[in-house]
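A short worksheet on the structure shown next.
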Amino acid sequence: MYLFLLLFLGISSALLEDKEPIMFPNERTTLDDCHLRYFKLESGEVGPPHGTAARFREFAHMAAIGWTDLANESIEWQCGGSLIWDNFVLTAAHCAVDSRNRAPDVVRLGDLDLFTAVDDAHAQQFGIVAIVRHPEHRFAARYHDIALLKLDRNVRFTLTVSPACLWADEEVRFPTLTATGWGNTGFAMKRTPNLLKVTLKPIDNKQCSEVYTSGDRKLRSGLQEQHICAVDEKMDTCEGDSGGPLQVKLLHNSRMSPFLVGVTSFGITCGASHPGVYTRVSFYHDWIVTTMRSQGAVGLEENYNATLCALRFAEYREFDEAVVIRQKDHEAEIDGTKMRILEVPTPEQMVQIGWTRNRTNHFLCSGSILNEEVILTTASCLGDDPPQVVSHHHTPYLYRVGTALKHPAYNATTKNNDIALIQLRDGLSWSSVLFPACLWTNSTHTPIVMKMLFLDQSDALKLFTVHPMYNSDCQRTHPYRMPSSQLCVRDPGRNTTCVSTTDQAVWLDPEGVPFLVGLTPHAGECVQWRYSVLTRISSHLERIGGYLF
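Numbering-wise, the sequence shown is residues -16 to -1, 1 to 533 according to mature numbering (1 follows the signal peptide of the UniProt record, and there is no 0).
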């Protein structure tokens, strides 16, 4: 029984050489963007650290919003915010004026300690030329508490000053979120001089409404979809944290990219284990983009969203702690073996496909992840009996199969059009160890060197090298006609490409972006040919793309 998945890994570091803004829509509409969305850097990089100076990088989007006191020539830092574009900061609408009805006039970025000159070398300070509150916001109510500040000039992107991305999905799937600010350290306590972070757990609005009722004169309609609540037994946001980010860091390219989930809005007595209420960023995503565009944001495309924000600012992001070997001064040595998309023996794009018999799951062949709900495999794998479950080695869950679709022109004898798609009932969740395979889209050229990854009889994953052959050469001994939609490969170091009688997956050498090039048939026995005939992925892109998009 064989199912080979063949991939070509291309080098992707060159993608970062183009500094022009690249933006994708949230929903994928093409198969060509996979390498941009899911690639990681090669090994051997040296970058800024995650300690001392790198601590600034941890929240390089964090902005302090201040009011200049001309009487004593000082600045009162009373709110926080988040840099989200070259010259725009996102904050709370109630930060548009202070208790004396004065508007803020200064924003400071890249400074952890606002009250000393310790890290001033990393700081950038700007004037505010426009304040745009949400049109439905009223100071007498706790709704639509969101605003944009336009800076008097563009920021200079550095390791300590770079924008955060916007979380555009209504669903917040993360078990914890992080809030940051220079607010009070507790009820009736002094304001912290250093930027602090707190880890909070999001809770649903129904549970949160037990604390925040419609009896609050500023919350007469109760909590709405525009609100999101988060809580911790000991930690909380306090006065002075208003407008600051509620965020999550997502791993991309072996670096951590911050995504804004909420804006600190209001709460009860801080530090008393009460949930805080934040303005939900996804609810106002369109308003944020439209407002920045109307205020003259440069480079903001019509189809703007922050999906590719992680790539645009990748060079400024902090490294994932897991890839840092050691740190010295302002550099960190990076362990490249932990930065690759594909590592033997645990390919993140592969799943096992199973059939349930007498309450026992039997995993008989493999497949490749295309998106959160679709698996690519072979029609010969499915046979006449559709599978029931899919398993991924990095998760403890079984994902139920909804439908299984074989190519309508599949020929079980010649194995022509041997391709199939599985629609899952339970969606996958992306992580650093679970993400999709990219598809090889070049229909005229095939990678010269590829890797086949397979399960041996002890279920250990192994690999060997294969090279493509001309179909005409294989046709001399092949019993059936080989159309261009099939790909012939062989291993120059052995007499057969048949390895064992277990299900097998094939991938190319893990030095960059993995591309799925071909699929080999699922067979009942090992046929001792000197070559293998695969289904060429590039010949089926229209069908695959039509199903996905």
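Glycine included, every Cβ here is placed at the ideal spot set by N, Cα and C.
Residue i - partner residues in DSSP beta bridges
i, result
"Ser375", "Gln336, Leu382"
"Asn178", "Asp97"
"Leu349", "A small correction: the amino acid at residue 349 is Cys; Leu does not occupy that position in the sequence shown. In the DSSP output, where bridge partners are listed per residue, Cys349 has Ile337."
"Lys399", "Lys399 pairs with nothing; no bridge assigned."
"Trp61", "Gly50"
"Val517", "Cys472"
"Gln407", "Val358, Thr387"
"Lys190", "Paired residues: none, contrary to the question."
"Phe43", "Per DSSP, none; premise fails for Phe43."
"Leu184", "Leu161"
"Thr263", "His211, Val247"
Neighbour-count burial assignment, residue i, 16 or more Cβ in a 10 Å radius
i, result
"Ile325", "Its pLDDT being 31, under 50, Ile325 is placed unreliably by the model, and nothing is read from it."
"His506", "buried"
"Asn400", "buried"
"Phe123", "exposed"
"Ala404", "buried"
"Glu526", "exposed"
"Phe99", "exposed"
"Asp95", "buried"
"Glu302", "buried"
"Asp457", "exposed"
"His118", "buried"
"Tyr531", "exposed"
"Lys134", "buried"
"Tyr300", "buried"
"Pro406", "In the sequence as presented, Pro is not what sits at residue 406; that position holds Ile. Buried is the call here."
"Ser58", "exposed"
Alpha-carbon to alpha-carbon, residue j and residue i
i, j, result
"Ser469", "Glu155", "40 Å"
"Val517", "Asp17", "28 Å"
"Val232", "Leu93", "19 Å"
"Met453", "Tyr381", "40 Å"
"Met240", "Ala55", "42 Å"
"Arg204", "Asp225", "24 Å"
"Ala107", "Lys435", "48 Å"
"Val195", "Val182", "20 Å"
"Lys202", "Cys192", "16 Å"
"Leu150", "Leu74", "10 Å"
"Asp82", "Phe419", "46 Å"
"Pro242", "His462", "54 Å"
"Asp475", "Thr430", "15 Å"
"Ile115", "Gly502", "54 Å"
"Cys472", "Asp402", "14 Å"
"Ile49", "Asn355", "41 Å"
"Leu25", "Asn342", "Because the pLDDT at Leu25 is just 39, under 50, the model does not fix this residue reliably, and the point stays unresolved."
"Ser522", "Trp424", "6 Å"
"Thr144", "Ile68", "14 Å"
"residue 534", "Asp89", "Any property of residue 534 remains undetermined from this structure, which presents the chain solely from -16 to 533."
"Gly529", "Leu132", "38 Å"
"Thr14", "Ala421", "14 Å"
"Glu60", "Gly199", "33 Å"
"Val139", "Asp53", "24 Å"
"Thr428", "Arg460", "22 Å"
"residue 551", "Arg520", "There is no way to answer for residue 551, as the model of the chain reaches only from -16 to 533."
"Gly206", "Ser278", "32 Å"
"Val273", "Arg296", "17 Å"
"Met46", "Ala148", "9 Å"
Closest by C-alpha distance to residue i, when choosing among the options
i, options, result
"Asp97", "Leu179, Ile49, Ser66", "Leu179"
"Asp188", "Arg204, Pro420, Gly199, Gln208", "Gln208"
"Arg384", "Pro370, Arg204, Ala105", "Pro370"
"Arg465", "Asn395, Leu354, Val91", "Asn395"
"Leu184", "Val195, Arg201, Pro159", "Pro159"
"Thr340", "Gly351, Val501, Val374", "Val374"
"Ile130", "Ser413, Arg277, Tyr268, Met276", "Tyr268"
"His128", "Val73, Gln108, Gly246, Leu234", "Gly246"
"Asp71", "His462, Arg157, Arg137", "In the sequence under discussion, the amino acid at residue 71 is Asn, which differs from the Asp named in the question. For Asn71, the nearest C-alpha among the options comes from Arg137."
"Asn426", "Asp53, His524, Ala298", "His524"
"residue 534", "Thr164, Gly529, Arg157", "What the structure shows of the chain is the stretch from -16 to 533, and residue 534 is not part of that stretch, so it cannot be assessed."
"Ala294", "Thr461, Ser146, Asp402", "Ser146"
"residue 544", "Ser415, Leu15, Gln459", "Residue 544 lies beyond the stretch modelled for the chain, which goes from -16 to 533, so this question has no answer here."
"Val335", "Asn345, Ile353, His346", "Ile353"
"Thr398", "Thr504, Phe43, Asn345, Ile528", "Thr504"
"Ile413", "Glu357, Ala47, His377", "Just to set this straight, residue 413 is Ser in the shown sequence, not Ile. Checked all of Glu357, Ala47, His377; the closest Cα to Ser413 is Glu357."
"Ala152", "Gly411, Thr142, Asp270, His121", "Asp270"
"Leu366", "Thr379, Cys349, His377, His376", "Cys349"
"His377", "Pro392, Gly351, Asp368, Trp166", "Gly351"
"Thr379", "Asn85, Ala87, Val417, Phe347", "Val417"
Determine contact between the stretch 258 to 272 and the stretch 197 to 213, defined as no fewer than three beta-carbon pairs at a distance below 8 Å.
Counting Cβ pairs under 8 Å, three or more are found: they touch.
Quick test of the definition: if touching needs 3 or more C-beta pairs under 8 Å, does the stretch 344 to 361 touch the stretch 372 to 388?
yes
Are at least three pairs of beta-carbons, each pair with one atom in the stretch 239 to 255 and one in the stretch 73 to 88, less than 8 Å apart?
yes
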